[in-house]
Amino acid sequence: MFTLVSSGTTRIHPGEAHVTPSRYVVHVVLRDNAGGIWWAADAHLISKAWTDHPERRPRWIAGIEAVAAAVATLREQYPDAVGIVAGDFNRGGRFPELAAHGGVWAAPTNPRAAGLVKYDQIVIYGPAAASPPVYLDTRSDHKAVRVTIERTHPQ
2 MFTLVSSGTT RIHPGEAHVT PSRYVVHVVL RDNAGGIWWA ADAHLISKAW TDHPERRPRW
62 IAGIEAVAAA VATLREQYPD AVGIVAGDFN RGGRFPELAA HGGVWAAPTN PRAAGLVKYD
122 QIVIYGPAAA SPPVYLDTRS DHKAVRVTIE RTHPQ
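All the letters of the sequence shown, read from the start, carry residue numbers 2 to 156 under my numbering.
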């Protein structure tokens, strides 16, 4: 069970008709029953910036930088917390902007081998470990991914 400590949103960029809705980074900070702090951040970055529409790259870059800024702030404010970043980053790879803050990729582990879209990712921070990812069929172009994240030592 968790109780809410705080939450917030940061707008990455405004929407543009027939291109993209407004995009945001959202975050929440929670306290577990043992008093430990957990935080989570999520974003859905603009699509096709690295394939069909290079003119969208500045908005994609602003998005990953906004996620990284949220991670930096949360890690600074809650250095002993377990952190989770999840999102549809609309680009494969492990981003140095997130790794710079000590992120460990929980998913995807090898999405191409499983025939999965590689854009949906989960990155964990702090004293935590994750189970192997389980991909669920959702009748979508993206399969839902589930991992179990556990604190590795008490706060």
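Backbone N, C-alpha and C define an ideal beta-carbon position, used for all residues, glycine too.
| Check | Outcome |
| --- | --- |
| Give the DSSP-derived three-state secondary structure of residue 46 in the structure shown. | coil |
| Considering only their Cβ atoms, is the gap separating residue 42 from residue 20 smaller than 9 Å? | no |
| Below 8 Å, how does it come out for the segment 33-53 and the segment 70-90: are there three or more Cβ pairs, yes or no? | yes |
| Note the first and the last residue of the continuous beta strand (DSSP E) segment covering residue 72. | It is not in any beta strand (DSSP E) - residue 72 instead sits in the alpha helix (DSSP H) that spans 58-78. |
| Are the beta-carbon atoms belonging to residue 46 and residue 64 less than 9 Å from one another? | yes |
| Run the CB neighbour count on residue 3, radius 10 Å, all protein chains shown included, and call it buried at 16 or more, exposed below. | exposed |
| So, at 6 Å on beta carbons, what are the nonlocal neighbours of residue 57 in its own chain, with the 5 sequence-adjacent residues on each side left out? | 47 and 50 |
| With distances taken Cα to Cα, identify the nearest neighbour of residue 93 among 101, 36 and 106. | 106 |
| Excluding sequence positions up to five away, which residues of its chain have a Cβ less than 8 Å from the Cβ of residue 135? | 146, 147 and 148 |
| Which residue comes first and which comes last in the beta strand (DSSP E) that contains residue 151? | 150-152 |
| Would you call residue 37 buried or exposed, if buried means 16 or more other Cβ atoms sit within 10 Å of its Cβ? | buried |
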